[in-house]
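Mapping the sequence shown onto full-length UniProt numbering, position 111 (from 1) lands on 111, and the numbers just tick up by one. Just so it is clear, CB atoms sit at the ideal spot from N, CA and C, and this is done for glycine as well. Treat the numbers as computed from the prediction; the structure is a model and nothing was measured.
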Amino acid sequence: MDSIVSKERNLLIISGFLSLAIVMGIGRFSYTPIFPYMQLDFLLTPFTAGLLATFNFIGYFIGALGARFFPQQSKWLLRGLLVNIATTILMGFTESYLLWLVFRLLSGITSGLIFVLVSNLILSHLNQTGKMSYSGFLFGGVGFGILISGLTIPIIQSFSSWHANWIILGVISAFLMIFIVYGIKVQEPTRSKSPQPTNKPIYNTNNKQSIKFALYISYTLEGFGYIIFGTFITAMLVNNTNFTFESPYVWAVVGLGAIPSCIFWAWLGKKTSDISALKWAYITQIVSILIPVFTDNLILVLISAFGFGATFMGITTLTMTIAKSLYGQSANLISGLTAAYAAGQLLGPVIAGTVITTNDYILPFIISAAALTAALITINIINVKKGEKNNAVCKYQSN
């Protein structure tokens, strides 16, 4: 029986890992290394490029909010994956800007939907089986998808065009989905009949509403701040004549940093506390975003990319962990925080694209760092109870 449960758990984690690789790492973030090639070939301006990104994040916002209305999670997960993969492939078959907007919107809707469904479906299963220590592996899928796109795009571009990049990445996603279909059943995972542990909040809950407010504000600012770097870093490097290294490989380093990041921040949270780890994640991200502002040195730029990759999913995991420590398994809370995150992302690319059109890439990156600094200041309202620690690996304590 234990071996059956273990196999089911492992298949679910792998399926969730690959789902996030498809919809986030490829479907969502492959736009970052591809659009500079689209810009050169189809004359996208920074503003229209930013608007495409914003449409994707509008979709993400809609999908995250709508996820709470889909009770048959695994069923809708598979349907969402099909739509997401289709939009990735279709991006390569047209040069219509209007259709691009539609495809990026649909890609965003399915990304937000699947991110929330995967979080609820798999984290709930891990919590029921007392295996929350495996949760860090799940979110590494985002980095895996980024790594795939960053490594394959320069190779494809060397013999073809940006059209082929979208199509081939979509085909890779379809191949990965074969494993997901095998790993995720249409029905929900088998529930444990043993009594579940009672969640014990390990934060100072006297100001619970203030903490919730701080999480929403900081997470919104994170969405705004990180996405400016996440959208425009490769374009910034392509437009820098002193930087001759292939920018998609820099993006691959972002993925390399993201893959183990959740496990690392979980470990740091265990050694200190989640809120302490979250603060260090913000500090690391701020420094990483500012590095390209001051230098185009290859080694430092790669350090910047790795630092950014190592923090943006870590901040997501830690924020969700703190929220669940206060409110338990709440689909509405996950959906609400994800929507707040998406709301910040709606403004980031458009504002940055507008500024870049009239100035350069430096000012948007400074604005990004300023927003993240405000997020860092905001989360200082959250305090761990004196003498206690919490961590992202072990999110709950039993009586």
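Glycine 59 vs glycine 143 beta-carbon contact at 8 Å:
Translated into positions along the sequence shown, residue 59 becomes position 59. Translated into positions along the sequence shown, residue 143 becomes position 143. Against a cut-off of 8 Å, the Cβ pair of glycine 143 and glycine 59 comes out as no contact.
For a quick check, are the C-beta atoms of proline 154 and proline 248 less than 8 Å apart?
In the sequence shown, counting from the first residue as 1, residue 154 sits at position 154. In the sequence shown, counting from the first residue as 1, residue 248 sits at position 248. Against a cut-off of 8 Å, the Cβ pair of proline 248 and proline 154 comes out as a contact.
Alanine 164 lies in the alpha helix (DSSP H); which residues open and close that run?
As a first step, residue 164 is located in the sequence shown; it is residue number 164 there, counting from the start. Element bounds for alanine 164: 162–183.
Among Leu298, Phe306 and Leu176, which residue has its Cα nearest to the Cα of serine 261?
The residue you call residue 261 lines up with position 261 of the sequence shown. Checked all of Leu298, Phe306 and Leu176; the closest Cα to serine 261 is Phe306.
Only counting runs of 4 or more residues, tell me where the alpha helix (DSSP H) segments fall wholly within the region 210–249, in order along the chain.
none
Mind reading off the beta-carbon distance from glycine 141 to leucine 20? Whole number of angstroms is fine, and I expect it under 8 Å.
Locating residue 141 in the sequence shown gives position 141, where the first residue counts as 1. Locating residue 20 in the sequence shown gives position 20, where the first residue counts as 1. Their Cβ separation, rounded to whole angstroms, is 4 Å, which keeps glycine 141 and leucine 20 in contact under 8 Å.
Exposure of alanine 266, with buried meaning 16 or more beta-carbon neighbours within 10 Å:
Start at 1 with the first residue of the sequence shown, and residue 266 comes out as number 266. Buried: at least 16 other Cβ atoms inside 10 Å.
Kindly give me the distance between the Cβ atoms of alanine 258 and phenylalanine 312, rounded to whole angstroms, as I take these residues to be in contact under 8 Å.
Taking the first residue of the sequence shown as 1, we reach residue 258 at position 258. Taking the first residue of the sequence shown as 1, we reach residue 312 at position 312. So it is a contact: roughly 7 Å between Cβ atoms.
Kindly indicate if chain B contains any beta-carbon less than 8 Å away from that of isoleucine 227.
Absent from the structure is chain B; it holds one protein chain and no more.
Suppose the cutoff is 6 Å on Cβ atoms and the five residues either side in sequence are ignored; what does the same chain contact list for phenylalanine 115 look like?
Looking up residue 115 in the sequence shown gives position 115. Closer than 6 Å at Cβ, skipping near neighbours: no residue.
Which residues in the same chain have their Cβ closer than 6 Å to the Cβ of isoleucine 14, if we skip the five residues on either side of it in sequence?
Counting from 1 along the sequence shown, the entry for residue 14 is found at position 14. Excluding positions up to five away in sequence, the list reads Gly183.
Which stretch, first to last residue, makes up the alpha helix (DSSP H) that contains isoleucine 367?
Translated into positions along the sequence shown, residue 367 becomes position 367. That run of the alpha helix (DSSP H) goes 362–378.
To the nearest angstrom, how far is it from the Cα of glycine 87 to the Cα of phenylalanine 294?
In the sequence shown, counting from the first residue as 1, residue 87 sits at position 87. In the sequence shown, counting from the first residue as 1, residue 294 sits at position 294. Note that residue 87 is threonine in the sequence shown, not glycine. Distance between the alpha carbons of threonine 87 and phenylalanine 294 is about 37 Å.
Touch check for the region 227–240 and the region 360–369: three-plus C-beta pairs under 8 Å?
yes
What is the DSSP secondary structure of arginine 79, counted as helix, strand or coil?
Working through the sequence shown from its first residue, we reach residue 79 at position 79. Helix.
Assuming leucine 77 and valine 118 are in contact, meaning their beta carbons sit under 8 Å apart, how far apart are those beta carbons, in whole angstroms?
Numbered from 1 along the sequence shown, position 77 holds the residue referred to as residue 77. Numbered from 1 along the sequence shown, position 118 holds the residue referred to as residue 118. Sure, about 7 Å apart at Cβ, within 8 Å.
Three or more C-beta pairs below 8 Å linking the region 280–294 and the region 363–371
yes
Under the three-state reduction of DSSP, which class applies to leucine 326: helix, strand or coil?
Working through the sequence shown from its first residue, we reach residue 326 at position 326. Note: leucine 326 maps to helix in three-state DSSP.
Should asparagine 84 be labelled buried (16 or more other beta-carbon atoms within 10 Å of its own) or exposed?
If you number the sequence shown from 1, residue 84 lands on position 84. Label assigned to asparagine 84: buried.
Would isoleucine 22 and isoleucine 62 be called neighbours here (beta carbons separated by less than 8 Å)?
The residue given as residue 22 occupies position 22 in the sequence shown. The residue given as residue 62 occupies position 62 in the sequence shown. No. Outside cutoff.
Candidates Leu346, Leu99 and Gly150, of which the one nearest glycine 255 by Cα:
The count along the sequence shown starts at 1 and reaches residue 255 at position 255. Among Leu346, Leu99 and Gly150, the Cα nearest to that of glycine 255 belongs to Gly150.
Does residue 407 come out as helix, strand or coil in the three-state DSSP assignment?
There is no way to answer for residue 407, as the model of the chain reaches only from 1 to 399.
Around the C-beta of glutamate 95, are 16 or more other C-beta atoms found within 10 angstroms, so that it is buried, or is it exposed?
As a position in the sequence shown, residue 95 is number 95, starting the count at 1. Exposed: under 16 other Cβ atoms inside 10 Å.
First through last residue of the alpha helix (DSSP H) which encompasses tyrosine 134
In the sequence shown, the residue the question calls residue 134 occupies position 134. From DSSP, tyrosine 134 is part of no alpha helix (DSSP H); its letter is neither H nor E.
I think threonine 231 touches glycine 50, with their Cβ atoms under 8 Å apart; what is that distance to the nearest whole Å?
Stepping through the sequence shown from its first residue, residue 231 is reached at position 231. Stepping through the sequence shown from its first residue, residue 50 is reached at position 50. So it is a contact: roughly 7 Å between Cβ atoms.
What's the C-alpha gap between valine 181 and phenylalanine 243?
Sequence index remark: in the sequence shown, residue 181 carries index 181 (1-based). Sequence index remark: in the sequence shown, residue 243 carries index 243 (1-based). Going by the C-alpha atoms only, they are around 42 Å apart.
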